[in-house]
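What follows is a set of notes on a single structure, which appears directly below.
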Amino acid sequence: MRGALAMLGPAFIAAIAYVDPGNFSTNIGAGAEFGYALVWVVVLANLMAMPVQFLSAKIGVVTGKTLPEVCRERHSRPVRWGLWLQAEIVAMSTDLAEFVGAALGLYLLFGIPMVPAALITAVVAFALLGLQARGYRPFERAIAGLLLLIIAGFAYQLLRIGVEPAQAIAGLVPTLPAGSAYLAVGIVGATVMPHVVYLHSALTSRRVAVSTDDDRRKVLRFERWDVVIALGLAGLINLSMLVMAAKLFHASGNTGVSSIEDAHAGLATFAGGTAALVFAVALLASGISSSSVGTFAGQVVMAGFINFRIPLLLRRLITMTPALVVIVLGMNPTDVLNFSQVVLSFGIPFALIPLLLVTRDRSVMGDFANPRWLTAVMTAITTLIIGLNAYLLYDQFLG
11 MRGALAMLGP AFIAAIAYVD PGNFSTNIGA GAEFGYALVW VVVLANLMAM PVQFLSAKIG
71 VVTGKTLPEV CRERHSRPVR WGLWLQAEIV AMSTDLAEFV GAALGLYLLF GIPMVPAALI
131 TAVVAFALLG LQARGYRPFE RAIAGLLLLI IAGFAYQLLR IGVEPAQAIA GLVPTLPAGS
191 AYLAVGIVGA TVMPHVVYLH SALTSRRVAV STDDDRRKVL RFERWDVVIA LGLAGLINLS
251 MLVMAAKLFH ASGNTGVSSI EDAHAGLATF AGGTAALVFA VALLASGISS SSVGTFAGQV
311 VMAGFINFRI PLLLRRLITM TPALVVIVLG MNPTDVLNFS QVVLSFGIPF ALIPLLLVTR
371 DRSVMGDFAN PRWLTAVMTA ITTLIIGLNA YLLYDQFLG
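This is the structure in structure tokens:
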């Protein structure tokens, strides 16, 4: 039993990326404007994420290397430097949104101005990262604890506000109300976070010593459950966000709630101060944990693609600089979250295509290479997600 529990953890770190502040904004906006109609989209998005994260974990278990390290071995110097550069930009842009989200959580909780709140966020996130010096388990436990805190927060919201099971179940039937297509595309298109596709392989690459294929198969069975449990919990959080907004805002005619600040104010008005407080705590936990994971991912992509490392404190200082600039300039937090999603869209193909090519390659994966059916499923998922992100980019700049 203890051996089985030791295998659980990597997917919980990856799962944090699926409940970052950007998800708060998207899911609450969907529930407020369209009620339960897009429940099926959230479910589909989270189901598609599971095989993606499992394949990343499989690379680490089978090869003992990270996805960026495998790419470094397969590609020329210009290609791997290009892959590293885009991965760093994506990691920093997602960290930007997560950092701003955590600072916003402190502001909503304590009224701390955004600049001091950002500095506090930096200190707390760095302390969280520092747990890695004591081994992988303390960091994983801290992240899992913050994930459970977010779950508890939204469980309270649902108990406080109430649930309409019949309407939520009806939302599983695929429908697209007028004007909802763009938001549905945004939910699915932003399903996969490139930085945790890279990171997940690192979390499993040296976790346990495996010397035989039987050992690898045993570990992969545990990793499969790790992914299902962790991303299943993340999916429940995302559903809770949408259901809460549908019951509280859409049902009362407040369909214009589109920002985190609006949601917080609406909770205070319609559900009471405690509900608003719990929401802000969940947002803070989401921002701090996802920011720490983003910085960790940056270390992985640099070490993997170009075989270079910098001190974690220096990386934290570098990645927090854009966030501080944004906050000092007084930019709208929701606009920052939306911008980060656009940048993330550029990075999607550079994570998913290498993941697909590596995991189907028998020269790398041996007997663990994807069977044809899994390659077909992953090709469909990859094509769909890249296509949706291309549509979002087209609409953003040319539509």
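Quick note: the sequence shown uses my numbering, first residue 11, plus one each step. Glycine included, every Cβ here is placed at the ideal spot set by N, Cα and C. Quick caveat: nothing in here was measured; it's all calculated off a predicted structure.
Checking 7 Å against the spacing of the C-beta atoms, do residue i and residue j come in under that value?
| i | j | result |
| --- | --- | --- |
| alanine 127 | alanine 143 | no |
| valine 62 | phenylalanine 378 | no |
| leucine 403 | alanine 295 | no |
| serine 262 | phenylalanine 44 | no |
| arginine 234 | phenylalanine 64 | yes |
| methionine 58 | isoleucine 320 | no |
| valine 183 | alanine 55 | no |
Residue i and residue j look like a contact to me (Cβ under 8 Å); what is the Cβ gap, rounded to whole Å?
| i | j | result |
| --- | --- | --- |
| alanine 361 | proline 204 | 4 Å |
| phenylalanine 34 | leucine 293 | 6 Å |
| lysine 75 | serine 221 | Not a contact, Cβ separation roughly 16 Å. |
| leucine 337 | isoleucine 396 | For the record, residue 337 in the displayed sequence is isoleucine; it is not leucine. With 8 Å as the limit, isoleucine 337 and isoleucine 396 do not qualify as a contact, their Cβ atoms being about 32 Å apart. |
| isoleucine 26 | leucine 157 | 6 Å |
| isoleucine 247 | isoleucine 161 | 6 Å |
| valine 253 | glycine 41 | 7 Å |
| tyrosine 117 | aspartate 405 | Wrong, their Cβ atoms sit about 31 Å apart, outside the cutoff. |
Judging by CA-CA distance, which residue of the options is the nearest neighbour of residue i?
| i | options | result |
| --- | --- | --- |
| arginine 325 | Leu398, Asp105 and Ala24 | Asp105 |
| leucine 394 | Asp371, Phe280, Asn248 and Thr201 | Thr201 |
| isoleucine 270 | Phe289, Ala285 and Ala162 | Phe289 |
| glycine 140 | Ser350, Arg372 and Ser299 | Ser299 |
| alanine 101 | Ala307, Pro123 and Val346 | Ala307 |
| isoleucine 132 | Val353, Leu327, Phe149 and Gly145 | Here residue 132 turns out to be alanine, not isoleucine, going by the sequence shown. Cα-wise, what sits closest to alanine 132 is Leu327. |
| leucine 354 | Val207, Gly242 and Met251 | Val207 |
| tryptophan 50 | Val387, Gly115, Val335 and Gly245 | Gly245 |
| leucine 95 | Asp272, Val310 and Met330 | Val310 |
| alanine 255 | Gly19, Asn37, Val89 and Tyr28 | Asn37 |
| aspartate 30 | Phe349, Gly297, Val335 and Thr331 | Gly297 |
To the nearest angstrom, report how far apart residue i and residue j are at their CA atoms.
| i | j | result |
| --- | --- | --- |
| serine 268 | glycine 39 | 5 Å |
| methionine 11 | alanine 47 | For methionine 11, the predicted model reports a pLDDT of 45, less than 50, meaning its position is unreliable and no value from the coordinates is stated. |
| glycine 340 | threonine 369 | 44 Å |
| alanine 275 | isoleucine 363 | 41 Å |
| valine 53 | isoleucine 316 | 37 Å |
| leucine 93 | phenylalanine 356 | 12 Å |
| alanine 154 | phenylalanine 136 | 17 Å |
| alanine 313 | arginine 147 | 21 Å |
| lysine 68 | proline 78 | 14 Å |
| valine 229 | arginine 82 | 25 Å |
| valine 218 | leucine 243 | 25 Å |
*Of all the alpha helix (DSSP H) runs that stay within the bounds of the region 260–289, which reach a length of 4 or more residues?*
270–280
*asked:* Please give me, in chain order, every unbroken run of the alpha helix (DSSP H) with length at least 4 that falls completely inside the region 311–362.
replied: 322–338
*In chain order, which beta strand (DSSP E) runs of at least 3 residues are fully inside the region 55–132?*
none
_I'd like the ranges of any alpha helix (DSSP H) spanning at least 4 consecutive residues and lying wholly in the region 150–201._
175–180 and 191–199
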